[in-house]
Structures are given as C-alpha cells and as structure tokens.
Amino acid sequence: MEQTKKRIFSGIQPSGDLSLGNYIGAIKNWVNLQDDYECLYCIVDMHAITVRQTPADLRRRTLEVLMQYLAAGVDPEKSCVFIQSHASTHAELSWVLSCNTQMGELSRMTQFKEKSKKHEDNINAGLFTYPILMAADILAYQADLVPVGHDQLQHVELARDIANRFNHFYGDTLTVPEAYIPKVGKRIMSLQTPEMKMSKSDPNPNGFVRLLDDPDTIMRKFKRAVTDSDNVIKASPEKPGVTNLLSIYSAVTNKTMEESEREFDGKGYGDFKLAVGEAVVSALKPLQTEFDRLSKDKAYVEAVYKKGAEMANYLSNRTLRKVYKKIGFIAK
Ligand code: AQP
Numbered sequence: 004m005e006q007t008k009k010r011i012f013s014g015i016q017p018s019g020d021l022s023l024g025n026y027i028g029a030i031k032n033w034v035n036l037q038d039d040y041e042c043l044y045c046i047v048d049m050h051a052i053t054v055r056q057t058p059a060d061l062r063r064r065t066l067e068v069l070m071q072y073l074a075a076g077v078d079p080e081k082s083c084v085f086i087q088s089h090a091s092t093h094a095e096l097s098w099v100l101s102c103n104t105q106m107g108e109l110s111r112m113t114q115f116k117e118k119s120k121k122h123e124d125n126i127n128a129g130l131f132t133y134p135i136l137m138a139a140d141i142l143a144y145q146a147d148l149v150p151v152g153h154d155q156l157q158h159v160e161l162a163r164d165i166a167n168r169f170n171h172f173y174g175d176t177l178t179v180p181e182a183y184i185p186k187v188g189k190r191i192m193s194l195q196t197p198e199m200k201m202s203k204s205d206p207n208p209n210g211f212v213r214l215l216d217d218p219d220t221i222m223r224k225f226k227r228a229v230t231d232s233d234n235v236i237k238a239s240p241e242k243p244g245v246t247n248l249l250s251i252y253s254a255v256t257n258k259t260m261e262e263s264e265r266e267f268d269g270k271g272y273g274d275f276k277l278a279v280g281e282a283v284v285s286a287l288k289p290l291q292t293e294f295d296r297l298s299k300d301k302a303y304v305e306a307v308y309k310k311g312a313e314m315a316n317y318l319s320n321r322t323l324r325k326v327y328k329k330i331g332f333i334a335k
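Reading the sequence shown from the start, the letters are residues 4 to 335 in this note's numbering.
This is the structure:
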C-alpha cells in the first residue's frame with residue numbers, strides 16, 4: 004500500500020453484536036469509500052476491554068465483527084482489514100501520545116462520563132485514556148479521514164489536537180486527520196429511547212437492531228419502536244422517534260430525508276413502521292447470507308486478518324520509527 008490516494012482509518016469495538024447504528028454510521032460508508040481512498044478497517048479489540056469482557060465472547064465476537072465487515076462489502080483486496088491487538092504499534096504510540104495529552108482534555112470527553120456512569124464498578128484508567136489509544140490508531144497510519152458516526156466526533160477532534168501539539172513541539176510528523184460524518188444517519192437512536200443513541204451494548208435488546216437479527220425479530224423491534232401520539236411523519240427535534248425511523252429508512256434505501264417524508268406523507272404510523280422494518284430486512288439480507296457463507300470458511304477469514312496484520316504493522320512501524328526519532332529515542 005504505497006500512498007497515492009488519501010488514507011482512511013476506522014474501527015469498531017467487538018463489545019457486542021454489531022448494531023444498525025454501527026452499520027449506518029460507519030460500515031456502510033466504509034464500503035463506498037474503498038475505491039477512492041486507501042482504507043484501513045480495524046476491529047478494535049483493545050478498546051473493547053475498557054469494559055469487562057468474557058474472554059470466550061470477545062474471541063468469538065472479534066471474528067464475527069470481521070466477518071460482518073466482509074459480508075457488508077469491505078473487500079480485503081482493496082482495503083486492509085486487521086485486528087488492533089495484532090499491531091503492537093498502537094499501544095506503543097499511545098504511550099508517547101499520552102505524554103502529550105492533558106488530563107483536563109480527557110475529563111471533558113462525554114463518552115468517558117457516560118461510560119463511567121454505566122460501569123460504576125469498573126472505572127478503569129483505560130476507559131479514561133481510551134481517546135489516546137484511538138488517536139494512536141488513527142495517527143499511526145497518517146490517516147487523512149476518519150469515517151465515524153457523530154458520537155465519535157469529539158474523539159477525532161482530540162486526535163487532531165494531539166497531532167497538532169506533537170507537530171508543534173517536534174516538527175511536522177503526524178497527519179492531522181478529519182472526521183468524515185455521513186449526511187444521513189450520523190446518529191441513529193435507540194428504538195425504545197430515541198433520545199439516546201442506538202448502542203450495541205444496550206441491555207434492552209428492543210432498543211437496537213443487530214445486523215444478524217432474523218427478519219421476524221427485526222420486524223418485531225420496528226413494530227414496537229417508540230414514536231409519539233400526533234401521527235404525523237415528519238422529521239423534527241420534537242419528534243425524536245419518528246425522525247429516527249425516517250433517518251434509518253433514508254439511510255438503508257439511499258434516499259434523502261425529504262424524499263422519505265414525501266413518500267410517507269398522509270400515511271399512519273403502523274404502515275410506516277412496517278415499511279421501515281421491511282427496508283431494513285431487505286438491506287441486511289445479502290449481508291446475512293454472506294455472513295453465513297463466511298462462517299463456514301475459517302481458513303479464508305484467518306488469511307484475511309493475517310495479511311491485514313502484516314500491512315498494518317509495516318505502515319504503523321514507519322510512523323512509530325519517525326515518532327521515536329523525533330522525541331529522542333535511540334534507534335534499535
Ligand atoms: N447509534 C449510532 N449512530 C451512528 N453511528 C454509530 N456508531 C455507533 N453507534 C452509532 C459508529 O459506529 C462506529 C463504531 O463504534 P464503536 O463500537 O467503536 O463504539 P461506540 O461508538 O461506543 O458504539 P456502540 O455501538 O455504542 O458500542 P458500545 O455499546 O460498546 O459502546 C463508530 O464510528 C461510531 O460512531
């Protein structure tokens with residue numbers, strides 16, 4: 004991967020079964036970006052352990068997430084697909100960057116505040132320094148763009164601040180990345196509590212749709228989706244449930260919000276929810292079929308992440324060597 008095109012880095016934690024939020028906010032765009040950019044797509048298992056994980060589940064999910072990337076259309080011939088813990092450079096760079104990050108910056112991160120409320124029994128240092136490891140993930144590859152949902156914007160901004168600071172002290176070394184947020188579906192909300200984002204680790208299974216949910220389950224979740232009582236299908240801040248369903252529909256059918264609003268003009272909520280459910284079922288069908296096929300081909304999956312690890316190590320070591328040199332470490 005010699006750099007001729009702009010470079011992209013993005014990743015998802017194997018902290019649960021992937022949700023429709025992960026798909027619309029991230030993976031769907033990754034697939035579209037593969038032809039125009041040099042892409043690195045990672046399964047960020049090191050981030051996942053900031054919350055307590057059962058080892059056997061983490062192992063299984065890491066491979067399942069990888070297979071879902073591939074099943075959604077991430078092409079390992081075009082993009083580098085790898086597992087974060089297979090490139091030790093991320094942790095090494097993270098240490099250097101942590102010495103260039105202020106405690107105050109980290110304490111402002113909303114994800115830390117939210118997750119420490121959710122996991123009061125395990126507010127570990129990794130949860131606090133998570134954004135530094137994420138900055139290392141991105142900066143190790145000199146990524147230009149980071150396609151993420153809106154919830155990760157604050158972390159990408161911190162990565163930019165860290166890169167700028169490093170460059171200021173040590174001279175131009177790190178590319179300052181930009182967030183790439185989708186136009187539609189940048190923030191998919193819970194189907195049960197539409198004021199909160201849809202999250203794969205939501206304890207309420209009706210709040211989120213899994214990419215691998217069967218059609219009946221998907222339809223049931225949409226039928227139960229929380230809306231409001233005025234029976235008008237329009238996007239507005241006062242109508243978070245309806246707006247969310249419109250965003251989901253627009254994202255999976257590649258329509259604009261206005262087109263979707265026009266399509267449902269005058270229709271009732273019952274029909275609307277059914278139509279959204281059906282659109283999601285049919286958008287996920289090819290992914291699910293391909294996932295089933297890949298689950299039977301372990302050798303292929305292993306070949307993909309091994310090849311990915313080789314490329315990731317090669318590229319990130321180049322950055323790490325530069326960084327070590329700039330800060331005054333003796334070359335090996
Ligand atoms: N609801 C969402 N809407 C749009 N994009 C979303 N993403 C996640 N949820 C939504 C995007 O998916 C990518 C991967 O996120 P992550 O797994 O690294 O962590 P997260 O943002 O904390 O996602 P979850 O699902 O909420 O995970 P848990 O429950 O484990 O914390 C990112 O690009 C994110 O923006």
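Ideal placement from N, C-alpha and C gives every residue a C-beta, glycine not left out.
_CA-to-CA distance, D219 to P208, given in whole angstroms_ = Reading the sequence shown from its first residue, position 205 is the one you call residue 208. Reading the sequence shown from its first residue, position 216 is the one you call residue 219. So the two alpha carbons sit approximately 14 angstroms from each other.
_Residue nearest to G311 in terms of C-alpha spacing, selected from T196, A139 and L43_ = Indexing the sequence shown from 1 puts residue 311 at position 308. For the residues T196, A139 and L43, the minimum Cα distance to G311 belongs to L43.
*asked:* If I measure Cβ to Cβ from M222 and keep anything under 6 angstroms in the same chain, skipping five residues before and after, which residues do I get?
replied: In the sequence shown, residue 222 corresponds to position 219, counting from 1. The answer, listed in chain order, is G280.
_Using a Cβ-Cβ cutoff of less than 6 angstroms, which residues in the same chain neighbour F267 once the five nearest sequence positions on both sides are dropped?_
Within the sequence shown, residue 267 is the residue found at index 264, counting from 1. Correct list, in chain order: I236 and F275.
_Only counting the same chain, and skipping five residues up and downstream in sequence, which positions put a Cβ closer than 7 angstroms to that of E95?_
In the sequence shown, residue 95 corresponds to position 92, counting from 1. Excluding sequence neighbours, E95 sits near L323.
*Indicate, with yes or no, if the ligand AQP has a heavy atom lying under 8 angstroms from the CB of V279.*
Position 276 of the sequence shown holds residue 279. Not so, every heavy atom of the ligand AQP lies at least 8 angstroms from the Cβ.
*Between I251 and L23, which are expected to be in contact by the criterion C-beta below 8 angstroms, what is the C-beta distance as a whole number of angstroms?*
The residue labelled residue 251 in the question sits at position 248 within the sequence shown. The residue labelled residue 23 in the question sits at position 20 within the sequence shown. Rounded, the Cβ-Cβ distance is 7 angstroms, consistent with contact.
*Whose CA, out of D147, S253 and K200, lies closest to the CA of D39?*
To locate residue 39, count along the sequence shown from 1; it is residue 36. The option with the nearest alpha carbon to D39 is D147.
*From the DSSP output, in three-state form, read off M192 for me.*
Mapped onto the sequence shown, residue 192 falls at position 189. If DSSP states are grouped into helix, strand and coil, M192 belongs with the strands.
*Give me the Cα-Cα distance between V77 and Y26, rounded to the nearest whole angstrom.*
Here residue 77 is taken as the residue at index 74 of the sequence shown, counted from 1. Here residue 26 is taken as the residue at index 23 of the sequence shown, counted from 1. Distance between the alpha carbons of V77 and Y26 is about 12 angstroms.
*So what does DSSP say about Y327, is it helix, strand or coil?*
Numbered from 1 along the sequence shown, position 324 holds the residue referred to as residue 327. Looking at Y327 - three-state DSSP - the assignment turns out to be helix.
_Ranges of the beta strand (DSSP E) found wholly within the segment 253-333, counting only runs of at least 3_ = none
*asked:* Comparing C-alpha positions only, which one of N125, K121 and L109 sits nearest to M137?
replied: Within the sequence shown, the letter at position 134 stands for residue 137. Nearest option by C-alpha distance: L109.
*Around the Cβ of F332, are there at least 16 other Cβ atoms within 10 angstroms (buried) or fewer (exposed)?*
For the purposes of this step, residue 332 is taken as the residue at position 329 of the sequence shown. Under this definition F332 is an exposed residue.
*Work out the CA separation of V47 and Q16 for me, nearest whole Å.*
Counted from its first residue, the sequence shown places residue 16 at position 13. Counted from its first residue, the sequence shown places residue 47 at position 44. Roughly 5 angstroms between the two C-alpha positions.
*Are the CB atoms of F115 and Y144 nearer to each other than 9 angstroms?*
Here the question's residue 115 lines up with position 112 in the sequence shown. Here the question's residue 144 lines up with position 141 in the sequence shown. Contact flag unset, no.
*alpha helix (DSSP H) segment containing F12, residue limits*: As a working mapping, residue 12 is identified with position 9 in the sequence shown. Here F12 belongs to no alpha helix (DSSP H); instead the beta strand (DSSP E) covers R10 to I15.
*Determine the burial state of Q105: buried for a count of at least 16 other Cβ atoms within 10 Å of its Cβ, exposed for fewer.*
Along the sequence shown, read from residue 1 onward, the residue named residue 105 stands at position 102. Q105 is exposed by the Cβ-count criterion.
*Cβ-heavy atom distance between P208 and the ligand NAP below 8 angstroms?*
The ligand NAP is not part of this structure, which contains only the ligand AQP.
*Would you call the CB atoms of V255 and L73 closer than 9 angstroms?*
Walking along the sequence shown from the start, residue 255 turns up at place 252. Walking along the sequence shown from the start, residue 73 turns up at place 70. Cβ distance not < 9 angstroms, so V255 and L73 don't count as in contact.
*asked:* Quick test of the definition: if touching needs 3 or more C-beta pairs under 8 angstroms, does the segment 188-195 touch the segment 157-167?
replied: no
*Can you give me the Cβ contacts of Y272 inside the same chain, cut-off strictly under 7 angstroms, excluding the 5 residues immediately before and after it?*
Here residue 272 corresponds to residue number 269 of the sequence shown, with the count starting at 1. Excluding sequence neighbours, Y272 sits near T230 and N234.
_Please report the straight-line C-alpha distance between K301 and A90, rounded to a whole angstrom._
Stepping through the sequence shown from its first residue, residue 301 is reached at position 298. Stepping through the sequence shown from its first residue, residue 90 is reached at position 87. Looking at the two C-alpha atoms, the distance is approximately 21 angstroms.
_Bridge-paired residues (DSSP) for L43_ = Numbered from its first residue, the sequence shown carries residue 43 at position 40. According to DSSP, L43 bridges with F12 and C83.
*Which stretch, first to last residue, makes up the beta strand (DSSP E) that contains P150?*
Along the sequence shown, one-based indexing puts residue 150 at 147. First-last of the beta strand (DSSP E) with P150: L148 to P150.
_Using the Cβ count rule (16 or more neighbours within 10 Å means buried), how would you classify M199?_
Working through the sequence shown from its first residue, we reach residue 199 at position 196. That one is exposed.
*Quick one: does F294 have its CB under 9 angstroms from some CB of chain B?*
The chain inventory of the structure shown lacks chain B, comprising one protein chain alone.
_Is S202 near the ligand AQP - that is, is its Cβ less than 8 angstroms away from at least one heavy atom of it?_
As a working mapping, residue 202 is identified with position 199 in the sequence shown. The answer is yes for S202.
*Are I327 and I86 close, meaning C-beta to C-beta below 9 angstroms?*
Walking along the sequence shown from the start, residue 327 turns up at place 324. Walking along the sequence shown from the start, residue 86 turns up at place 83. The sequence as given places Tyr at residue 327; Ile does not occur at that position. The answer is no: Cβ separation not under 9 angstroms.
*Rank G174, A228, E181 and K81 by C-alpha distance to the C-alpha of G338 and give the top, closest one.*
Outside the displayed span of the chain (4 to 335) sits residue 338, for which this structure offers no information.
*Using only the heavy atoms of the ligand AQP, determine whether one of them is closer than 8 angstroms to the beta carbon of H122.*
By 1-based counting over the sequence shown, the position of residue 122 is 119. For the ligand AQP, not one heavy atom lies less than 8 angstroms from the Cβ of H122.
_On a Cα-Cα basis, can you pick out the residue from C45, D205, Y317 and R265 that is closest to G19?_
For the purposes of this step, residue 19 is identified with residue 16 of the sequence shown, where counting begins at 1. That would be D205, whose Cα lies nearest to the Cα of G19.
*Across which residues does DSSP place S22 in a beta bridge pair?*
Indexing the sequence shown from 1 puts residue 22 at position 19. Paired residue(s): R213.
*Alpha-carbon to alpha-carbon, R296 and D164*: The residue given as residue 164 occupies position 161 in the sequence shown. The residue given as residue 296 occupies position 293 in the sequence shown. One C-alpha to the other measures close to 43 angstroms.
_Just to confirm before moving on: does the CB-CB distance between I184 and P240 stay below 9 angstroms?_
Start at 1 with the first residue of the sequence shown, and residue 184 comes out as number 181. Start at 1 with the first residue of the sequence shown, and residue 240 comes out as number 237. Cβ distance not < 9 angstroms, so I184 and P240 don't count as in contact.
_Please list the terminal residues of the continuous beta strand (DSSP E) segment that includes A143._
The count along the sequence shown starts at 1 and reaches residue 143 at position 140. First-last for A143: undefined, no H or E at that position.
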